[in-house]
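For what it's worth, this note's numbering labels the leading residue of the sequence shown as 4, then goes sequentially.
Note that CB positions come from ideal geometry on N, CA and C, so glycine has one too.
Working notes, structure below.
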Amino acid sequence: MNNKGPGFFITLEGIEGSGKTTHARRLFSFLEEANVPSLLTREPGGTPVGEKVRELLLNPESGAMDPLTETFLLEASRREHVTEVISPALQAGKVVICVRFTDSTLAYQGYGRGVPLSHLHCLNNIATGGIVPDLTLLFDVEPEVGLARSFSRTEEKELRFEKEFLANKEFLLAVRDGYLQLVKEYPHRFMVVNTTEHSKEEVFALVRETIWQKLEKRG
Ligand SMILES: Nc1ncnc2c1ncn2[C@@H]1O[C@H](COP(=O)(O)OP(=O)(O)OP(=O)(O)O)[C@@H](O)[C@H]1O
Ligand SMILES: [Mg+2]
């Protein structure tokens, strides 16, 4: 399943409250208005099985989980998502906009929880069949600012990670640093946007410009 097809695959990454969902929605509306066939989706989730896994992973009632158990659940959701949704859309030539993907697993389960990165690369590769994003937007925000934004709008039943971070700020710092490490490793596909200091409008203007240029280049 290595062949990605003629589509264009964009992922949005970053810690809680960094602006992923906001900008994914705006980008999707913008592309729809420009008559570019697009698909908006998210992880964990994006399929009926994936949404059930999402409930399990994000609900505070699930409590602490072994990091590898967490990883396997995420990868199961990802496998279903890639085979049922992402790959067919890319094959059909669509622009796929996905909130969180393989880099989230490297940042949270790897840099955050200490699961060996080699395990995660292997599992990511198995789950995706080798599909890699064409472009990854990293929304970088100060953890304190992001958490405050996230608590103000996330439903109680999806606050498992936020609650953990409040009790352990170091963890979120490690995740953020992990993302920045990934940018150094894969500079060709990452674009970093600072959302602590830039307004939603400024951030979106930058995102829109970047994506438009990339899509034009691709023809
Ligand atoms: N650049 C910005 N400046 C100010 N507020 C912002 C900015 N970007 C997003 N916000 C606001 O921050 C809140 C969180 O944004 P959003 O839900 O898009 O984040 P997220 O990365 O999807 O978070 P989560 O991981 O918790 O789902 C929203 O209320 C949004 O309007
Ligand atoms: Mg979100």
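Collapsing the DSSP output to three states places residue 195 in a strand. According to the DSSP assignment, residue 99 belongs to the beta strand (DSSP E) that extends over 98–102. By the neighbour-count criterion, in which a residue is buried when 16 or more other Cβ atoms sit within 10 angstroms of its Cβ, residue 130 is buried. Look at the segment 168–221 and you find these whole runs of alpha helix (DSSP H), each 4 residues long or longer: 172–188 and 203–221.
Setting aside the 5 residues that flank it on each side, residue 24 is surrounded in the same chain by 102, each with a C-beta closer than 7 Å to its C-beta; the list follows chain order.
Annotation: the continuous alpha helix (DSSP H) that includes residue 24 extends over 23–36. If you draw a 10 Å sphere on the C-beta of residue 69, you find fewer than 16 other C-beta atoms in it, and that means exposed. With fewer than 16 other Cβ atoms inside 10 Å of its own Cβ, residue 64 counts as exposed.
Shown here for residue 143: same chain residues with a beta carbon closer than 6 Å to its own, the five before and five after excluded, namely 195 and 197 in chain order. The bridge partners DSSP lists for residue 13 are 100 and 138.
Within 7 Å of the C-beta of residue 24 there is at least one heavy atom belonging to ligand 2.
Contact check for residue 50 against residue 88 passes: the beta carbons are separated by less than 8 Å. Going by C-alpha positions, residue 31 is about 31 Å away from residue 167.
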